[in-house]
Amino acid sequence: MSTARFERAVSHAAARSGVLLVVEHHRATAWHSATFSGERHELVANAIRGDALEAWLAMLGSLDLNLPGHMLADLHVATREPYADRVMLRLEGVTVACDLSAPEYAATSAPVRSDRRMPPPTSAYSGVARPDRRHSASD
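Sequential numbering from 234 applies to the sequence shown in my numbering.
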């Protein structure tokens, strides 16, 4: 994902809450785990102090950003430094790739038929604990 896309998504989310967020620096670093891949983001920005900013920062962890092919897994304020009528913020976030149209997510097995039924039990012991036959009386 491009850094500009992430910046725009965060800035638009802030603007919808009445906050003018001025991004000064953004760094994205790729990361991978055994099951996921994505990016770690560090965004340095400033905004005018006020109730709108405080409300937006309070809901930062539950934002739903428009990031096609990615999902926002985490976004939080790492540092905040007030100066004059503004606040300098360092936001840290994690996005996870989730492009379901990618070849690696394509179905590799036949679909499961929903009309299949389990066969009926074939033994009188079905569902009942069976006796240990290793130590029977006939030995």
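Positions of the beta carbon are idealized from the N, C-alpha and C atoms, including for glycine. Just so you know, these numbers come straight off a predicted model, no measurement behind them.
Three-state secondary structure (DSSP) of residue i
i: G326; result: strand
i: E240; result: helix
i: G302; result: coil
i: L290; result: helix
i: D297; result: coil
i: A246; result: helix
i: A263; result: strand
Beta strand (DSSP E) segment containing residue i, residue limits
i: L276; result: S270 to I281
i: V252; result: First-last for V252: undefined, no H or E at that position.
Contact with chain D by residue i, beta-carbon distance below 8 Å
i: Y316; result: The structure shown contains no chain D; it is built from a single protein chain.
Residues bridged to residue i [DSSP beta-bridge criterion]
i: E314; result: M321
i: D307; result: V327
| Stretch pair the segment 322-329 + the segment 266-276: three plus CB contacts closer than 8 Å | yes
| request: Mind the definition here: the segment 275-291 touches the segment 256-263 only if three or more C-beta pairs lie below 8 Å; say whether that holds. | output: yes
| message | Pairs of beta-carbons, one from the segment 313-320 and one from the segment 294-301, closer than 8 Å: are there three or more? | response | no
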